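Counting from 1, position 147 in the sequence shown corresponds to residue 150 in the working numbering; the numbering is continuous, with no gaps. Below is one structure; the comments refer to it alone.
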Amino acid sequence: MSTIDDILDTARSRGEGQPYAGAVTPQEAFALVQADPRVKLVDVRTNAERDWIGRPAIPEQQHGAVQWTLYPGGAPNPDFATQLQQVADKEDVVLFLCRSGVRSRHAARVATELGFQDAYDILEGFEGDRDAEGHRKTVGGWCKAGLPWVGA
């Protein structure tokens with residue numbers, strides 16, 4: 004069995020009982036992107052978050068940006084479904100990323116409802132949870148894992 008298959012099997016087991024295919028760690032997400040150009044990472048943070056905080060440094064053709072909520076105000080993105088279908092195909096392995104892993108779960112669920120069979124949540128998100136002082140990027144997430152990213 005290949006590394007991709009191993010990662011996806013583990014991700015599926017983490018997702019048992021969830022309304023989407025499964026969940027990957029940031030490290031697994033990066034390994035999947037590196038292993039297969041058909042894997043898409045869809046960043047569901049706001050444009051402001053990506054502009055001010057940064058984004059994963061992965062090939063542009065594998066990185067999609069579809070806001071789950073809009074900035075300012077935090078209203079749900081009414082065009083989420085349409086925009087998702089513009090950046091990923093239903094046959095793709097689609098990995099959803101947000102700040103800490105909450106919005107990405109919702110996005111994976113909605114993607115599954117739209118017919119994306121391989122929709123996965125990226126656990127911990129880009130910045131992870133807050134530490135005791137209220138700072139991010141120290142507890143978990145893409146940045147804490149030392150994965151490549153482009154700053155603002």
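Just so it is clear, CB atoms sit at the ideal spot from N, CA and C, and this is done for glycine as well. For clarity, every value in this text was computed on a predicted model and none was experimentally measured.
message: Using a 10 Å radius around the Cβ and a threshold of 16 neighbouring Cβ atoms, would you call Ser16 buried or exposed?
response: Burial state of Ser16 is exposed, judged by a 10 Å Cβ sphere holding fewer than 16 other Cβ atoms.
- prompt: Between Leu73 and the rest of its own chain, which residues show a CB-CB distance below 6 Å, the 5 nearest in sequence each way excluded?
  reply: Once the five neighbours on either side are set aside, the close Cβ partners of Leu73 are Asn80.
- prompt: Hey, out of Trp71, Pro62, Ala24 and Ala34, whose CA is closest to Leu100's CA?
  reply: Comparing alpha-carbon positions, the option among Trp71, Pro62, Ala24 and Ala34 lying closest to Leu100 turns out to be Trp71.
query: How should Trp145 be labelled, buried or exposed, when 16 other C-beta atoms within 10 angstroms of its C-beta is the threshold for buried?
result: By the neighbour-count rule (16 or more Cβ atoms within 10 Å), Trp145 is buried.
- request: Return helix, strand or coil for Phe119, following the three-state DSSP convention.
  value: Here Phe119 carries a coil assignment [DSSP, helix/strand/coil].
query: What whole-angstrom Cβ distance do Val97 and Leu35 have, given they're in contact under 8 Å?
result: About 10 Å; that fails the 8 Å criterion.
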